[in-house]
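As numbered in the working numbering, the sequence shown has no gaps in its residue numbers, which increase by one up to the final residue, 955.
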Amino acid sequence: MKRIFILAVCLLLANGSLVAFAACTGSSDVNIPGVQSEGANILTAHIALKEGNGTVYVSTSPKLAVSTEESFEKSADIAMLHEDNVCDVLISFPKIARSGNVIEGPSGGLAIATAAIAALRGAHVRPNLVLTGDLDYAGDVQPVGGLYEKATAASQLGYPIIMPVLRAYERVSLFPVIENGGIVYQAQTLDEVLKLALTNTPIKSNINITDYEELYDVPAYAKSAVPEFGTLVGLMEGDLLGLLGNMDGGGATLKNYVAKYVHDQEGLSNKGYAYPVANNFFLLYINLLMTKYASPELGADTFGCLSELGRRNITITENNYEWYIGYRTRLGWAERKFNESKNKDDPESMRSMANARAWCNVAGRLADIAQESAAIKATQANKNALRPIAEELIKIDINDSDAKWYSDAAKEFYRNGEYGAVVYSMLYAKSFDNDGRNLSREEVGRYLLENTTGIWSNIYKQQVAYGYYTNRTSEGVYNYARDLEAYNRQIGKKLREAGTPQAQTRNQTTIGNATASKNETNTERSNIESNENNGYGQKTDLSAAGYYVFAAGAGIAVFAGMVLIGILIFRMRK
382 MKRIFILAVC LLLANGSLVA FAACTGSSDV NIPGVQSEGA NILTAHIALK
432 EGNGTVYVST SPKLAVSTEE SFEKSADIAM LHEDNVCDVL ISFPKIARSG
482 NVIEGPSGGL AIATAAIAAL RGAHVRPNLV LTGDLDYAGD VQPVGGLYEK
532 ATAASQLGYP IIMPVLRAYE RVSLFPVIEN GGIVYQAQTL DEVLKLALTN
582 TPIKSNINIT DYEELYDVPA YAKSAVPEFG TLVGLMEGDL LGLLGNMDGG
632 GATLKNYVAK YVHDQEGLSN KGYAYPVANN FFLLYINLLM TKYASPELGA
682 DTFGCLSELG RRNITITENN YEWYIGYRTR LGWAERKFNE SKNKDDPESM
732 RSMANARAWC NVAGRLADIA QESAAIKATQ ANKNALRPIA EELIKIDIND
782 SDAKWYSDAA KEFYRNGEYG AVVYSMLYAK SFDNDGRNLS REEVGRYLLE
832 NTTGIWSNIY KQQVAYGYYT NRTSEGVYNY ARDLEAYNRQ IGKKLREAGT
882 PQAQTRNQTT IGNATASKNE TNTERSNIES NENNGYGQKT DLSAAGYYVF
932 AAGAGIAVFA GMVLIGILIF RMRK
């Protein structure tokens, strides 16, 4: 990867070499929407060209995250390849005062590429237009987040916005924006964007709420089935339809659209892809909440959900610890989102509050499963036994800002003694942090044939399988599923060691793999092997018990013995 050079804005603008070569003298401004804690706003980027070998120079203010730097460099490369030319690209944000704010994510890629091509052609991007989206080297516009907030910000300025093709849950949230006069155009390719962005062609919304999202035709994948989670997905569907039935806005068109979408998702769940369906229901639930509620009402509803769930007393046992940790993790995430967004009414805070409400809903369902599992004859587990694992994980440095939110949540879990939630949240942060490793299709295919015993590792493995068959495997989900499997073994071992002898003879529930028949396994192996030659896509989206007295005494004795051995070794070395 070529190095991105960081220069002061004043040096960029004063550089006399900008006019040194006739083919590399153009410049253009472009509007890019950004989502911040106080809501979305529109940033103006200035792209200028100079003679060179394709190096990308970026101003020192505002600061850019690593993912944004990489996106800008890739977008400049795409622009040069598109126009069969090579120039250095200088990117600055002249209207932004110097601050500590950081621009993050790849959503400015489409705008940077469009402006660079405009500069190469001696043209300009039309000033009353907003662009958001990422790009791949084929020139296809890739999905990004925060589309509701970005569309709202553009609409408030009276500007149309061009964005990637919307997924079902995103289309639902943008329907009110369009009804209120906002212009939202979905684009599939860079060439499609150029025809609109570099001309005065009128732009009209091309979103139709009745255009249904087509499902991929994927083979069945029963290897990682978790029956309890399948039941949870059914309950999430009921919650979704219940919310839809109580909505005043949107009319029959919206309700019919959601009802059909939910029905189609049932078929996908029946094929063994419960987690992808749960994730789709979760995101759709968030967007419906934003459509239904005003900010104060949503905050009050979320507070009520969290208060009710906080009064429940769920015991962690050696039978239910995975469900228990899943419940505590999502409850903690919900509480954190609630505290970040309460008493605020901007679009981004509204989405955070809706996220908190949706997580609270899922946490409640997981608490039900954990409580039912705890009723099975089993020994109460000592969750403090997980502290050593949590202490090691919490030392990991996380760079990506989105991933860092989960590592910060893990630190809160640690302070509250929820060490299992520390593990799950830190593993999530670690898995989605930028590590730059490219997965091979063969590697993912081999993983799907492996036996997996953990509940959550099997659940997330369903998402890996769905990504595999649709060529949209997420590296983060793959990493998370594998890490959950490895750490689940450690967690189970720690809890058994801290329990009683009777606890170690309990009957364990076989998850997923034992329920798959030999024929199912052979069919899945055939499906995976037959897909080996397909193209592989890149990233694509849920009070501590005290120590027993004898366990504490044993721990002290072991510690004292270790100290004594250490002293003897030290003296021998001297």
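All residues carry an ideal CB built from backbone N, CA and C; glycine is no exception.
{"Query": "Could you tell me which of Gly611, Val511 and Leu571 sits nearest to Ile564, measuring between CA atoms?", "Result": "Val511"}
{"Query": "So within the segment 486-557, which uninterrupted beta strand (DSSP E) runs reach at least 3 residues, ignoring any that extend past its ends?", "Result": "542-545"}
{"Query": "How about Ser821 and Asn869: are their beta carbons less than 8 Å apart?", "Result": "no"}
{"Query": "Tell whether a beta-carbon distance below 8 Å holds between Gly486 and Leu516.", "Result": "no"}
{"Query": "Please classify Pro475: does DSSP put it in a helix, a strand, or coil?", "Result": "coil"}
{"Query": "Mapping DSSP to helix, strand and coil, what is Gly415?", "Result": "strand"}
{"Query": "Between Glu866 and the rest of its own chain, which residues show a CB-CB distance below 6 Å, the 5 nearest in sequence each way excluded?", "Result": "Thr833, Gly835 and Ser838"}
{"Query": "Buried or exposed, going by whether 16 or more other CB atoms sit within 10 Å of the CB of Tyr708?", "Result": "buried"}
{"Query": "Compute the Euclidean distance between the alpha carbons of Gly873 and Ala771, then round it to the nearest angstrom.", "Result": "14 Å"}
{"Query": "Assign Glu773 to buried or exposed, taking buried as 16 or more other Cβ atoms, counted over all protein chains shown, within 10 Å of its Cβ.", "Result": "exposed"}
{"Query": "Return the CA-CA distance between Thr449 and Ser536, expressed in angstroms with no decimal places.", "Result": "25 Å"}
{"Query": "Taking contact to mean 3 or more Cβ pairs, one atom from each stretch, closer than 8 Å, check whether the segment 755-769 and the segment 732-746 are in contact.", "Result": "no"}
{"Query": "Just verifying my parser: in three-state terms, what is the DSSP assignment at Asn742?", "Result": "helix"}
{"Query": "Could you round the C-beta distance between Thr710 and Ala755 to whole angstroms and report it? I think they count as a contact, below 8 Å.", "Result": "Not confirmed; about 17 Å, so no contact."}
{"Query": "Looking only at DSSP bridge pairs, what is Thr854 linked to?", "Result": "Bridge partners of Thr854: none, in fact."}
{"Query": "Cβ of Leu690 within 8 Å of Cβ of Ala751?", "Result": "no"}
{"Query": "Flag this pair as touching only if the segment 652-662 and the segment 841-850 have three or more C-beta atom pairs under 8 Å; answer yes or no.", "Result": "yes"}
{"Query": "Look up Ile426 in the DSSP assignment and say whether it is helix, strand or coil.", "Result": "Correcting the residue type first, residue 426 is Ala in the shown sequence and not Ile. Looking at Ala426 - three-state DSSP - the assignment turns out to be strand."}
{"Query": "Provide the residue(s) that pair with Thr570 in DSSP beta bridges, ordered along the chain.", "Result": "Asp521"}
{"Query": "Counting along the chain, where does the alpha helix (DSSP H) carrying Tyr654 start and finish?", "Result": "No alpha helix (DSSP H) holds Tyr654; DSSP gives it neither H nor E."}
{"Query": "On the DSSP letters alone, give me the boundaries of the beta strand (DSSP E) that Tyr438 sits inside.", "Result": "Val437 to Ser440"}
{"Query": "Which residue's Cα is closest to the Cα of Thr639: Ser650, Gly514, Gly648 and Leu625?", "Result": "Checking the sequence, you will find Val at residue 639 rather than Thr. It is Leu625 whose Cα lies nearest to the Cα of Val639."}
{"Query": "Which residues bound the alpha helix (DSSP H) around Tyr708?", "Result": "Tyr702 to Ser722"}
{"Query": "Whose C-beta lies closer than 6 Å to the C-beta of Ser452 among residues of the same chain, with five residues either side of it excluded?", "Result": "Pro487 and Gly490"}
{"Query": "Determine the DSSP secondary structure at Ile459, reduced to helix, strand or coil.", "Result": "helix"}
{"Query": "Take the Cβ of Gln646 as the centre, count every other Cβ of all protein chains shown within 10 Å, and call the residue buried at 16 or more, exposed below.", "Result": "buried"}
{"Query": "Under three-state DSSP, which class holds Thr672?", "Result": "helix"}
{"Query": "Can you grab the Cα-Cα spacing for the pair Glu716 / Gly619, in whole Å?", "Result": "23 Å"}
{"Query": "Measuring straight from C-alpha to C-alpha, what distance separates Val804 and Leu830?", "Result": "26 Å"}
{"Query": "Consult DSSP for Thr683 and reduce its assignment to one of helix, strand or coil.", "Result": "helix"}
{"Query": "Which same chain residues, not among the five before or five after Ser812, have their C-beta less than 7 Å away from its C-beta?", "Result": "Gly857, Asn860, Tyr861 and Asp864"}
{"Query": "Rounded to whole angstroms, what's the CA-CA distance from Thr683 to Ser788? Just pull it up for me.", "Result": "23 Å"}
{"Query": "Contact between the segment 598-617 and the segment 545-558: three or more CB pairs below 8 Å?", "Result": "no"}
{"Query": "Can you name the start and end residues of the alpha helix (DSSP H) that Met807 belongs to?", "Result": "Tyr800 to Phe813"}
{"Query": "Which residue from Ile588, Ser473 and Thr495 puts its Cα closest to that of Tyr550?", "Result": "Ile588"}
{"Query": "Determine the extent of the alpha helix (DSSP H) in which Ala784 is found, giving its start and end residues.", "Result": "Ser782 to Arg796"}
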